[in-house]
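Here the protein sequences line up with chains A and B, keeping their order.
First residue of the first sequence: 32, per my numbering; consecutive thereafter.
First residue of the second sequence: 115, per my numbering; consecutive thereafter.
We put the beta carbon where it would ideally sit given N, CA and C, even for glycine.
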Amino acid sequence: MSTKSETKKITKKDLMALFWRAFLLPACYSMDRMQAPGFAYSIIPVLKKLYGDNKEKLAEACMRHSEVYNNTFACSPFVLGIVAAMEEEASENPDFDVTSINAIKVALMGPLSGIGDTFFWGTFRIIGSGIGVSLAMQGSLLGPVIFLIIYNIPNFLVRYYGVLYGYKLGTNSIETLVAGGLMNRATTAAAVMGLTVIGGMIASMVSLNITLVANFGSEVTLDVQSIFDEICPKILPLGLTFFVYHLLKKGVKPVAIMIGIIVAGIAGRFFGIL
Amino acid sequence: MAQALLVALIAGICKIDNRIFGMTMIQRPLIVSTLVGFVYGDPVAGMMFGAQFELLSMGLVGIGAHSGMPEITLGSALCSAFALSSGTGLEVALTLALPISTFGTSIGYLTWIPLNHILSERSKKAAETADTRTMEICQWLGLFNYFFFPFLVVFIGMLVGAPLFEWLIEVIPAFITDGINVASGMLPALGFALLMQLTYTRKLAPYLFIGFVVVALMGLSNVGVAIVGAILAVLVFNNSENQNKEVNADVNEI
């Protein structure tokens with residue numbers, strides 16, 4: 032990285048071009064190379080700046096970034112930042128092994144999309160929609176707004192600082208990230224937060240009540256639901272969720288489970304159980 | 115007609131959430147259906163539909179190579195429009211939303227997915243000659259496909275589907291709609307179970323139960339449980355550092 036400080040071609044403005052272009056990154060999806068066209072599209076301004084006068088080198092770089100790439104969308108600016116730093120080094124140092132650029136990209140795809148999906152789909156979105164949905168259920172139009180705010184603050188921060196931080200890290204990125212198991216720890220922490228919220232939402236959002244009241248002749252009745260409530264409130268929704276989870280793990284299709292639940296609801300209502 | 119056009123426009127714009135806006139979640143039913151609600155002059159009713167479908171589809175997310183994901187953006191736009199234009203039949207619309215979304219996926223396989231694959235091949239060819247202009251055009255055309263076909267499908271769906279839906283509501287007997295109502299309380303369990311597939315492990319199970327207990331027994335709100343979750347996450351993060359250090363220390367001693 033010492034060479035970089037001597038001749039810095041990439042400016043903050045170029046990094047911001049990466050930041051903006053990364054929004055369009057997933058717009059052209061290839062079935063085999065996935066987000067590769069978008070990655071190439073996003074990195075074009077940097078490549079033009081570095082290789083602009085050398086058509087051959089530019090073509091080489093364009094092709095390099097048309098190779099397979101896929102990642103959680105919010106993590107891509109970070110990868111673009113790293114790649115910008117590496118391309119800068121490659122353009123200055125003829126001995127630089129350009130194959131290492133794609134090697135780093137591929138190496139980052141797995142862990143970054145793992146951590147990105149856990150954070151964005153599995154945690155921020157769950158918290159945002161959990162709070163948003165419960166507000167919406169009370170009839171407040173703030174619900175959808177809060178959902179978007181909670182989710183998008185981390186989303187845009189990660190995108191913005193991702194590209195800057197990625198560029199700063201450059202080629203050292205992998206060692207820094209993997210050392211000390213920082214990524215694994217963060218992923219586990221995100222999963223913990225997501226699961227806690229899911230547990231809470233099973234209690235507050237799933238409803239399953241037995242309306243059956245067993246009648247044993249004169250005045251002796253048994254309200255089945257009250258027994259369950261005595262054991263633990265919301266135990267039926269919890270049981271149902273784990274039952275569905277078990278079915279999914281056995282490979283039952285979600286649509287089949289959905290039809291099953293609807294049939295159970297209709298039958299339960301028909302026989303006066305639910 | 116104007117309403118159908120507006121609903122289709124909402125579907126198209128929300129569909130390109132991932133493709134140009136940076137995945138802001140406007141693609142989710144809670145947002146899509148609220149916007150559709152504005153078209154019919156009743157955003158709150160749209161939002162109510164969206165909230166229920168949001169719960170149901172919570173686990174249906176576009177992760178990695180997870181292909182064949184139901185097109186819930188299209189499903190929620192169409193079905194909330196059906197529910198709102200008919201005035202009744204919220205439960206029926208909710209029941210139809212997932213099958214319609216699943217059908218939407220096959221439309222993707224017939225339109226934007228192959229078309230964008232062709233564009234991506236064109237882009238790769240342009241890369242060989244450093245034709246960055248063509249590469250950029252391919253990218254924007256890809257975006258257009260992601261917008262245009264969902265727009266078109268929802269527009270046609272609105273024209274064809276709305277009369278069918280009205281008919282459906284009339285012929286369905288009351289005990290079935292009541293039953294679907296009961297089922298719609300249970301359906302979020304499917305959403306959460308799908309979601310659990312993403313992060314749930316036996317080792318992390320206690321955290322799910324903590325979340326359950328603080329709500330079921332202690333009556334905490336969703337904000338409350340999110341705060342508890344955040345605290346637990348920090349604890350886990352810090353403790354895992356200690357564990358790492360201990361392991362390192364052990365290695366050094368040996």
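Comparing C-alpha positions only, which one of the options sits nearest to residue i?
i	options	result
E307 (chain A)	A:D148, A:E91 and A:S144	Given a span of 32 to 305 for chain A in the structure shown, any question on residue 307 (chain A) remains unanswerable.
F104 (chain A)	B:T138, B:S200 and B:A288	B:T138
T242 (chain A)	A:L267, A:F50 and A:W51	A:L267
F50 (chain A)	A:R64, A:S61, A:K40 and A:I74	A:I74
A319 (chain B)	A:L143, A:L213, A:P264 and A:Y276	A:Y276
L174 (chain B)	A:S61, A:I157, A:R95 and A:A217	A:I157
A67 (chain A)	B:N230, B:S194 and B:L208	B:N230
F262 (chain B)	B:Q117, B:M115, B:I124 and B:A116	B:I124
V158 (chain B)	A:V176, A:M94, A:V286 and A:Y198	A:V176
A236 (chain B)	A:A245, A:S171 and A:C93	The residue asked about is misnamed: residue 236 (chain B) is Arg in this sequence, not Ala. The option with the nearest alpha carbon to R236 (chain B) is A:C93.
A122 (chain B)	B:A303, B:M310, B:K239 and B:G189	B:G189
G225 (chain A)	B:V327, B:F289, B:I341 and B:A330	B:I341
G112 (chain A)	A:I132, A:D148, A:N215 and A:T272	A:I132
T154 (chain A)	A:G163, A:I229, A:E261 and A:V99	A:I229
K43 (chain A)	A:Y196, A:G291, A:N246 and A:A222	A:Y196
N381 (chain A)	A:A217, A:S160, A:L305 and A:F274	Beyond the ends of chain A as shown, which are 32 and 305, falls residue 381 (chain A); an answer cannot be given.
C128 (chain B)	B:L349, B:P264 and B:G256	B:P264
N336 (chain B)	A:P125, A:S61, A:V99 and A:Q169	A:Q169
T272 (chain A)	A:S257, A:M289, A:I258 and A:E261	A:M289
Q149 (chain B)	B:A116, B:D131, B:F135 and B:A195	Per the sequence presented here, residue 149 (chain B) reads as Leu, with Gln not at that position. Cα-wise, what sits closest to L149 (chain B) is B:A195.
L308 (chain B)	B:M183, B:V274 and B:C193	B:M183
G163 (chain A)	B:L304, B:A330 and B:L169	B:L169
P285 (chain A)	B:P228, B:G305 and B:I270	B:G305
A347 (chain B)	A:T218, A:R95, A:L78 and A:L173	A:T218
V189 (chain A)	A:V283, A:D148, A:A121 and A:E261	A:D148
S215 (chain B)	B:L331, B:F167, B:G203 and B:W254	B:F167
Q117 (chain B)	B:A288, B:F152, B:F326 and B:I130	B:F152
Could you tell me how far apart the beta carbons of residue i and residue j are, in whole angstroms, since I believe they sit closer than 8 Å?
i	j	result
T291 (chain B)	E185 (chain B)	Not really, about 25 Å apart at Cβ, beyond 8 Å.
L56 (chain A)	C106 (chain A)	Not confirmed; about 11 Å, so no contact.
I145 (chain B)	L179 (chain A)	7 Å
A220 (chain A)	F323 (chain B)	So it is not a contact: roughly 18 Å between Cβ atoms.
Y314 (chain B)	R133 (chain B)	Not really, about 30 Å apart at Cβ, beyond 8 Å.
I140 (chain B)	I297 (chain A)	Incorrect: roughly 34 Å between the Cβ atoms, too far for contact.
G256 (chain B)	C263 (chain A)	Contact doesn't hold; Cβ gap of about 51 Å is too wide.
L210 (chain B)	F163 (chain B)	Not quite, the Cβ-Cβ distance comes to about 11 Å (not below 8 Å), so this is no contact.
G275 (chain B)	L192 (chain B)	6 Å
K40 (chain A)	L81 (chain A)	6 Å
State yes or no: is the C-beta of residue i nearer than 7 Å to some heavy atom of the ligand GDP?
i	result
F70 (chain A)	Ligands displayed in this structure: none; no statement on the ligand GDP is therefore possible.
Quick check: what's the CA-CA separation for residue i versus residue j?
i	j	result
E242 (chain B)	N85 (chain A)	14 Å
A197 (chain B)	L212 (chain B)	14 Å
G141 (chain A)	G201 (chain B)	47 Å
P108 (chain A)	E280 (chain B)	47 Å
R64 (chain A)	V285 (chain B)	48 Å
H180 (chain B)	M161 (chain B)	Residue placement at H180 (chain B) is flagged as unreliable, the pLDDT there being 45, under the threshold of 50; a coordinate-derived value is accordingly withheld.
L119 (chain B)	M272 (chain B)	9 Å
A115 (chain A)	G155 (chain B)	48 Å
D364 (chain B)	N353 (chain B)	Interpretation of D364 (chain B) is limited by its pLDDT of 48, a score under 50 that renders its predicted location unreliable; the figure taken from the coordinates is listed afterwards. Approximately 17 Å, taken between the alpha carbons.
S97 (chain A)	W152 (chain A)	27 Å
G369 (chain B)	S298 (chain B)	The first residue shown for chain B is 115 and the last is 368, placing residue 369 (chain B) beyond what the model contains.
C252 (chain B)	I233 (chain A)	44 Å
M236 (chain A)	D245 (chain B)	53 Å
G178 (chain B)	K136 (chain A)	Any answer about G178 (chain B) is weak, because its pLDDT of 43 lies below 50 and its placement is not dependable; what the coordinates show is given next. Cα to Cα, G178 (chain B) sits roughly 16 Å from K136 (chain A).
V296 (chain B)	K265 (chain A)	15 Å
A287 (chain A)	A71 (chain A)	40 Å
G299 (chain A)	L301 (chain B)	14 Å
V102 (chain B)	P143 (chain B)	For chain B, the structure presents residues 115 to 368; residue 102 (chain B) sits outside this window and is missing.
Q311 (chain B)	K281 (chain A)	12 Å
A165 (chain B)	A167 (chain A)	6 Å
G303 (chain A)	A295 (chain A)	12 Å
W226 (chain B)	N101 (chain A)	18 Å
I368 (chain B)	Q256 (chain A)	Confidence in I368 (chain B) is poor, its pLDDT being 41 and thus under 50, which makes the residue's placement unreliable; the coordinate value appears in the next sentence. Cα-Cα distance, rounded: 59 Å.
Using Cβ-Cβ distances below 7 Å, what residues of the segment 253-268 of chain A are close to chain B? C263, P264, K265 and P268
To be precise: take each residue of the segment 270-301 of chain B, compare its Cβ to all Cβ atoms of chain A, and keep it if any distance is under 8 Å. Which residues remain? F289, I290, D292, G293, I294, N295, V296, A297, S298, G299, M300 and L301
Starting from the N-terminal side, write out each stretch of the alpha helix (DSSP H) that is 4 residues or longer and does not extend beyond the segment 290-328 of chain B. 302-313
Contact list for the segment 319-332 of chain B against chain A, Cβ threshold 7 Å: Y321, L322, F323, I324, G325, F326, V328, V329, A330 and L331
Can you give me, in chain order, the residues of the segment 172-193 of chain A that have a beta carbon less than 8 Å from any beta carbon in chain B? L172, G174, P175, F178, L179, Y182, N183, N186, F187 and R190
To be precise: take each residue of the segment 126-138 of chain B, compare its Cβ to all Cβ atoms of chain A, and keep it if any distance is under 8 Å. Which residues remain? I130, N132, R133, I134, F135, G136, M137 and T138
Inside the segment 226-300 of chain A only - alpha helix (DSSP H) runs reaching at least 4 residues: Correct list: 255-262 and 266-280.
As an exercise, report each continuous alpha helix (DSSP H) stretch of at least 4 residues that is fully enclosed by the segment 120-161 of chain B, in chain order. 143-153
Can you list, in chain order, the residues of the segment 291-304 of chain A whose Cβ is nearer than 9 Å to any Cβ on chain B? I292, I293, V294, A295, G296, I297, A298, G299, R300 and F301
Against chain C, which members of the segment 202-215 of chain B pass a CB distance test of less than 8 Å? The structure shown contains no chain C; the protein chains it does contain are A and B.
Output the residue ranges of the alpha helix (DSSP H) runs that lie fully inside the segment 116-170 of chain A and measure 4 residues or longer, sorted by chain position. 130-150 and 156-168
So within the segment 166-211 of chain B, which uninterrupted beta strand (DSSP E) runs reach at least 3 residues, ignoring any that extend past its ends? Counting whole runs of 3 or more residues, the segment 166-211 of chain B contains no beta strand (DSSP E) stretch at all.
Beta carbons nearer than 8 Å to chain A: which residues of the segment 189-200 of chain B have them? none
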